[in-house]
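Protein chains in written order, with the numbering used here: chain C, 64 to 515; chain P, 43 to 345.
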C-alpha cells in the first residue's frame, strides 16, 4: 500500500465517518429506539499519554449527547493489573460497568459472562476488512467475539535502539535499514537483520559500554521479548491442540542463543520490572531495548538528547521467521448489562476510523490499531524527534505479531504468560542454575500444571 | 392479609421487648454485631474458598480434592512452601529479638526522652506497608539501587539485591523486619512497664546481676506476652503479600513467592481461581497448628 498524506487520510475518514455519523446521529434513529434515556457506564482505560484520555472521553460524551444516552465514565488503569482486579470483582459480583476495558487475555476467564459482540465485529470488519490475527486470536473464541479490540491501549514491542551508537559501534545505519517509507527498504539487508547479526550488534554495544537490556524476570516485558525469540527459532510451549511442545531442538537452540546473548547484557536483568528497561535506555547506559514508544515518550520529556537518538524498528529474523510481541486491549460488554444495545452502538462508533483517527493522534501514535487501513495514519511518520522514529512501530515488513503463550488456546496461554514460565525457564538456563536441557524439562513439568 | 397495626403490635409485643431488655440476653445482643462481622468476613469467605478450591478451572465441575493433590506433586509449590517457612521463621526471629532489644533500651531511657524515641521508632509500623515497601524497592532497585551507591562510595561492591535469589530473599526479609519490629517493641515495652519494680529490687538484694535479673525476672514475666506476640506476628508474616508483590513479584525464578503472592498469581493473574484458592487454603492448617501450640503453651504457663 502506498503512503497516504494527512489530507487524503482525513478526506477518506470524513467520507466514511459521515456515513456512520449519519446512521448513529440520524434524527430519531436511536432516540426512537430507546423508550427511556438509557444509562450507560463505561470502565475506560486511563491512557498514560497525557491528553489521550480526555479525547477518548470527549468522543464518548459527544456520542452520548447526540444519541441522548446518559453515560458515566470511570477511568481504570493504566496498569493492566488494576483492570484485572476490577473485572474479576465485577465478573464475580455480576454487577458493574456495562462496557469495560479488558487487557489481552483477561476476558478468557469470564467469557461465559460476556455478551457476544459478533454484530459489532461484523459491522466493523465489513467496513474496514478483518481485524489482525492477534485480535482474532484473543477476542474470537469458539465462534464468538467475546470482546472487540479497543481503540486505545494496544501496543507492541519493537526494538528501540540508539541511532548514534549503532552507527558508531555496530556499523549499522538504522534509519537507512528501516526507513520511514517501507517501499524503500532493502530486502536483502532487512533479511540479513537476523539473530546472528543482533548478537554481533549486542557484543559490540557491550564492548562499547552500552549493552542491550531486557528483563528476564517475572514481569510482563520479559514475555514480550522472549516469546518472539523462541518462536523465531521454531519453539513454542503448547500447540493449538493443547499438546506440550516445549521439549524440542528449537527450544535448545533458542536457549543456547540466549545463553550467549545474556553474557553481553547487564546482570540485573533477572530482577528487572517493566520500567527497568525504560530507565536503562533513558539513563544513557543502554544502547538497545525492546519496548513500545513509552520509553521514547518519557525520554522526550526528561532526556531530549537521548530521545532524539532513539529509533523503533523490527525484531531480528530467526530460522523460523520474524516475530514481535504485542499486548492488545479490548472492550467487553457484560451479559447482565441492561443497555446492551446502546453499549454495542457506542462500541461501533468508537471503532469507526474517524474516532480512532482522533484518538491515535491524541496518543501520539502509542496505540496500535488492529485494522490494516488505520496503519496508513500519518502520525507514526510525523512524531519526533527524530522525525519518523515511530514509523516502524507499526510492523511494515515480514514481522508477525504474537502474544506470549501463542499459539496455545488463550485459556492455556494466559497461564503460560502470567506465570512467566518462559522467562523463568530462560533465567534458569542462562544463569547456570540448570543446563538448557534441564530448564526445558522443568518447563515441560510446569506446562503439565497449565494443561491439567 | 394482616393489617399494619397487627404487624406493629406483633413487633412491639411485650415478650419481644422483654427479651430485648432482659439482662440475661444483653450479652448476646452485644456480641451480635461482632458475630455478624465474623460470619460475614471470616466464616463465609473461608467456606466459599473451600467450596471454590474443589471446582475445576471454569468452576463448572466438582473435582473434590484434585486441586490440592496436583499441588502436592508439584515442585514449584514445594518451593513456595519452603520460601514461606524460611521467610516467616527468619523474619519473626529477628523481629522478636530486635523488638526486645529496642524495648529494653527504650525502657531504660530517661522518661523525658523516652516518649520521643518511642514515637520515632513506631514510624515504620505506622506507615502503610505498601508505601514503605516502595521506599525499600527504591533502596534495592536492581540497576540504580541507593544502597549499592552507598556501598560503592564506601569502597564496597554492589549486591544484586533483587536479581539473585539469596539477596532477593534477604531484601524481602529485611523489609519485613523493618516494618514489624516496632510492633514487638511496643508490646514488650508495655509488658516491661507492668513488671513490678519490687521484683527487681528483691533480685538485686539477692545479689542478681543485670543478666540474671533479665533471665529470672524479665523473661519469665514477659513469656506469655512474647508467645502471644510471636503468634500474631507468625500469622501475619506467613500471610504476607505486599512486600513480595512490590519488591520482587515472586522472583527471581519464583524464589521469593509466598503463599499469598503465589495464590494471587495462580488464581487472579493466571485465571485459575480454584487452584489459587487451594494454594491459599494450604496456609490454614499451618497457621491453625501454630496458634494451637502457642496457645497451649500459654495455658500451661498459666497453670
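Even glycine gets a Cβ: it sits at the ideal position worked out from N, Cα and C. Treat the numbers as computed from the prediction; the structure is a model and nothing was measured.
Residues of the segment 283-298 of chain P whose Cβ lies closer than 8 angstroms to any Cβ of chain C, in chain order: 290, 291, 292, 293, 294, 295, 296.
Secondary structure note for residue 469/C: it is in no alpha helix (DSSP H), with a DSSP letter that is neither H nor E.
In the DSSP assignment, residue 164/C falls within the unbroken beta strand (DSSP E) covering 162-166. Considered as a whole, the segment 274-350 of chain C harbours 283-295, 312-324, 339-345 as its complete alpha helix (DSSP H) runs of no fewer than 4 residues, in chain order. Linking residue 149/C to residue 412/C through their CA atoms gives a straight-line distance of about 25 angstroms. Between the beta-carbon of residue 264/P and that of residue 222/P there is about 18 angstroms, and that puts the pair past the 8 angstroms contact cut. Chain C has a Cβ within less than 9 angstroms of the Cβ of residue 313/P. Nearest Cα to residue 109/C within the set 166/C, 128/C, 159/C: 166/C. Each residue's CA atom was taken as its position, placing residue 71/P and residue 88/P some 25 angstroms apart.
With respect to chain C, the C-beta atom of residue 67/P has no partner C-beta closer than 9 angstroms. For the segment 490-505 of chain C, the set of positions with a beta-carbon nearer than 9 angstroms to some beta-carbon of chain P reads 490, 491, 494, 496, 505 in chain order. Straight-line spacing of the CA atoms in residue 279/P and residue 465/C works out to 40 angstroms.
Counting only runs of at least 4 residues, the segment 243-269 of chain P fully encloses the following alpha helix (DSSP H) elements, listed from N- to C-terminal order: 252-255. CA-CA distance, residue 283/P to residue 92/P, rounds to 20 angstroms. Within chain P, the residues 112 have their CB atoms less than 7 angstroms from the CB of residue 515/C, given in chain order. Taking residue 172/C as reference, the option from 439/C, 223/C, 147/C with the minimal CA-CA separation is 147/C. Per DSSP, the unbroken beta strand (DSSP E) holding residue 388/C starts and ends at 386-390. Between the alpha carbons of residue 396/C and residue 177/C lies a gap of roughly 6 angstroms.
The residues 61, in chain order, have a CB closer than 7 angstroms to that of residue 67/P in the same chain once the five nearest residues on each side in sequence are set aside. Burial is judged here by how many other beta carbons sit within 10 angstroms of a residue's own beta carbon; residue 158/C has fewer than 16 and is exposed. Taking 9 angstroms as the threshold, the shortest C-beta distance from residue 408/C to chain P does not fall below it.
Within the segment 92-116 of chain P, 112, 116 place their CB atoms closer than 7 angstroms to a CB of chain C, listed in sequence order.
Listed by position along chain P, the residues whose Cβ is nearer than 8 angstroms to that of residue 329/C are 185.
Taking the C-beta atoms as reference points, residue 459/C is found nearer than 9 angstroms to residue 241/C. With a threshold of 16 other beta carbon atoms within 10 Å, residue 316/P meets it and is buried.
Relative to residue 160/C, the option among 327/C, 500/C, 139/C whose CA is nearest is 139/C. Contact note: residue 218/P does not reach chain C at a C-beta cutoff of 9 angstroms; the least C-beta distance is about 18 angstroms. The beta carbon of residue 342/C sits closer than 9 angstroms to some beta carbon of chain P. For residue 304/P, the enclosing alpha helix (DSSP H) stretches over residues 301-306. Residue range 102-108 is occupied by the beta strand (DSSP E) that includes residue 105/C. Contact between the segment 202-211 of chain C and the segment 390-405 of chain C is present: three or more C-beta pairs spanning the two stretches fall below 8 angstroms. Measuring C-alpha to C-alpha distances from residue 190/P to each of 213/P, 145/P, 333/P identifies 213/P as the nearest. Around the beta carbon of residue 251/P, fewer than 16 other beta carbons lie within 10 angstroms, which makes this residue exposed. As DSSP reads the structure, residue 230/P sits in no beta bridge. By the CB criterion at 9 angstroms, residue 134/C and residue 409/C fall inside the cutoff. Taking all protein chains in view, the Cβ of residue 415/C is crowded by 16 or more other Cβ atoms within 10 Å, so the residue is classified as buried.
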